[in-house]
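What follows is one structure encoded as structure tokens, with my remarks underneath.
There are 2 protein chains.
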Amino acid sequence: MKRSGADAKLVDRIAGDCIAVRVRLINRVISAVYDEALRPLGIRISQANLLVAVARMGEARPVDLCKVLRIEKSTLSRDVEVMKGNGWLESDPPVGGRNQVLRVTPAGRDLLARSRPAWEAAQAEASRLIGAPGVDALKEIAGRLGLGTPAG
Amino acid sequence: MKRSGADAKLVDRIAGDCIAVRVRLINRVISAVYDEALRPLGIRISQANLLVAVARMGEARPVDLCKVLRIEKSTLSRDVEVMKGNGWLESDPPVGGRNQVLRVTPAGRDLLARSRPAWEAAQAEASRLIGAPGVDALKEIAGRLGLGTPAG
DNA sequence: ATGACTAAGTTGTATATGCGACTTCGGCCG
DNA sequence: CGGCCGAAGTCGCATATACAACTTAGTCAT
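If you read the protein sequences in the order shown, they are chains V and D.
Be aware that the first sequence starts at 199, since it is given in this note's numbering, and climbs by one per residue.
Be aware that the second sequence starts at 199, since it is given in this note's numbering, and climbs by one per residue.
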């Protein structure tokens, strides 16, 4: 069962053009850069993102975070659980009731402040890897996809 | 504990500039587009990517796949396990020896062929969401990050 | 040839991610 | 006021992802 002509064409087309292949690879490589830089601090870039989003909102309702970050509610629920366990987030009321709001704890704020140098280093490395035009393009794309637009 | 000036600046800087935030959001949104389109076929875009990569190589050694896809060896090991279970990949020898090679099964090839329309639809939708210049930029970035370059 | 070293793969553990099903509040309608 | 409905959250399940530790199989030097 060798690659017949039609198969090869399809395979080459997907491998050569697929947007998802590229987006996913970029995600792995870039996330690794930030994770590596942040590792000494015990936080991952996914968690730092969430921490920043909550900090930005002051008091964040889970459903709003989901809209802003384009994350599924069940995913957010579990991410928050881990971060509460780490002492970086707290909710009011503590139990997963209905109109709970999330807040960054003092420990969370402290961690964020201490993370700055590592974040800056990762950001510089990512910029170098991607190139300035690429960075601009990513910002443009993320904006198109609704970054920061609660109303999806 | 309200947002003091310094905190707000740091938070705004990260939220406003962080490359990882954007890359990860793009990844979630775009992967969802492909996953949704492929769902009726019972395959995910991550798996389709792997299937295509193996098909392209003909006979693929895991370690080479890891280099090409920039995936950790343990991740690949488990992804392959699932895909063997689904009958899309086979290895020779079957047990996880040393110089095993992976091959796409006839069922895997058939699935790939049947997936084409869904993939094309997802590709079109992703292009629309991202915009033509953005698509070009993503290709350029992925190339810079070594897409298709076995030697990392 | 044999022992040391190294590279390749697997397994344990943890997090990230999403779908589907379920639960439980809140608000609205009569 | 009481019941219904829909939205918000949680939980079960499956996969994707990576690090650390371990296993094993080639390789290489003597």
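Cβ atoms here follow ideal geometry from the backbone N, Cα and C, with glycine treated the same way.
These numbers come from a predicted model, not from an experiment.
Q. Which residues, in chain order, does the stretch 315-331 of chain V contribute to contact with chain D at a C-beta distance below 8 angstroms?
A. Trp317, Ala320, Gln321, Ala324, Ser325, Leu327, Ile328, Gly329 and Pro331
(Q) Among the candidates Leu274/V, Val252/V and Val278/V, whose CA atom is the shortest distance from the CA of Val302/V? (A) Val252/V
Q.
I want to verify the contact list: residues of chain V whose CB lies under 8 angstroms from the CB of Asp205/D, in sequence order.
A. Ala253, Arg307, Leu310 and Ala311
Q | Cβ pair count under 8 angstroms reaching 3, the stretch 235-248 of chain D against the stretch 303-315 of chain D | A | yes
Q.
By DSSP's criteria, Ala320/D is part of a beta bridge. Which residues make up the other side?
A. For Ala320/D, which the question treats as bridged, DSSP gives no partner whatsoever.
(Q) If you reduce the DSSP assignment to three classes, tell me which class Glu279/D lands in. (A) helix
Q: Kindly indicate if chain V contains any beta-carbon less than 8 angstroms away from that of Lys282/D.
A: no
Q | chain D contact residues for Asp215/V, given Cβ-Cβ distances below 8 angstroms | A | Gln321
Q.
Less than 8 angstroms between CB atoms is the rule here; does Val278/V satisfy it with respect to chain D?
A. no
Q. Taking Cβ positions only, does Leu274/V come closer than 8 angstroms to chain D?
A. no
Q) Would you call the CB atoms of Ala258/D and Val231/D closer than 8 angstroms? A) no
Q: Using alpha carbons as the reference points, say which of Ser275/V, Ser244/V and Ile212/V lies closest to Ser244/D.
A: Ile212/V
Q: Please state whether DSSP places Leu310/V in a helix, a strand or coil.
A: helix
Q. Any residues in the stretch 338-349 of chain V with a beta carbon nearer than 7 angstroms to a beta carbon of chain D? Which ones, in chain order?
A. Glu338, Ile339, Ala340, Arg342, Leu343 and Leu345
(Q) Taking the alpha helix (DSSP H) that Arg220/V belongs to, which residues open and close that run? (A) Ile217 to Leu236
Q. For Ser289/D and chain V, any beta-carbon pair shorter than 8 angstroms?
A. no
Q) In three-state DSSP terms, what is Glu338/V? A) helix
**Q.** Option nearest Glu234/V by Cα separation, candidates Gly346/V, Glu323/V, Leu336/V and Glu279/V
**A.** Glu323/V
Q) Who are the Cβ neighbours of Pro260/D in its own chain at under 8 angstroms, not counting the five residues just before and after it? A) Lys271, Leu274, Ser275, Val278, Gln298 and Leu300
Q) Straight-line CA distance for Ser289/V to Ala246/D? A) 40 angstroms
Q: Please report how far the alpha carbon of Ile328/D lies from the alpha carbon of Asp215/D, in whole angstroms.
A: 19 angstroms
(Q) Under 8 angstroms, Cβ to Cβ, is there at least one residue of chain D near Leu223/V? (A) yes
Q) By DSSP, does Leu287/D sit in helix, in strand, or in coil? A) strand
Q: Give the secondary structure of Arg268/D by DSSP, where H, G and I count as helix, E and B as strand, and everything else as coil.
A: coil
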